[in-house]
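Visitor:
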Amino acid sequence: MMFDYLSAARRTGIKNEHLDQICHQIRSEFPDDEMMFELHVLRAILAIESGRVSLDQVLKEPEMQPPAT
Numbered sequence: 005m006m007f008d009y010l011s012a013a014r015r016t017g018i019k020n021e022h023l024d025q026i027c028h029q030i031r032s033e034f035p036d037d038e039m040m041f042e043l044h045v046l047r048a049i050l051a052i053e054s055g056r057v058s059l060d061q062v063l064k065e066p067e068m069q070p071p072a073t
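Be aware that the sequence shown starts at 5, since it is given in our numbering, and climbs by one per residue.
(1) Please report the straight-line C-alpha distance between Phe34 and Ser54, rounded to a whole angstrom.
(2) So for Ile18, helix, strand or coil by DSSP?
(3) Where does Asp36 sit, in a helix, a strand or coil, going by DSSP?
(4) Who are the near neighbours of Leu10 in its chain, counting only those whose CB is closer than 7 Å to its CB and skipping five residues on each side?
(5) Is the CB-CB distance between Ile18 and Leu63 below 8 Å?
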């Protein structure tokens, strides 16, 4: 594991089922890139921890996609 998102999730109080949902959501964006997957999971957790977003926002709102060209 390159980015210790599990410790950050525990520190933030994110339940395992919610962490699984976050991981599933992010894994769909980075199915073959473990480093990017871990980085984005950690970034989501740190955003929750800092209060910039809520857990509900992370779980309910899909990532913004770039506009189609």
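Think of the CB as a built atom: it goes at the ideal place given N, C-alpha and C, for glycine as much as any other residue.
Guide: Based on what the coordinates show:
(1) Looking up residue 34 in the sequence shown gives position 30. Looking up residue 54 in the sequence shown gives position 50. Phe34 and Ser54: Cα-Cα distance of roughly 24 Å.
(2) Taking the first residue of the sequence shown as 1, we reach residue 18 at position 14. Three-state result, Ile18: coil.
(3) If you number the sequence shown from 1, residue 36 lands on position 32. Three-state DSSP puts Asp36 in coil, outside helix and strand.
(4) Counted from its first residue, the sequence shown places residue 10 at position 6. Nothing meets the Cβ criterion.
(5) Taking the sequence shown and counting its residues from 1, one reaches residue 18 at position 14. Taking the sequence shown and counting its residues from 1, one reaches residue 63 at position 59. No, the pair does not count as a contact, with Cβ atoms beyond the cut-off.
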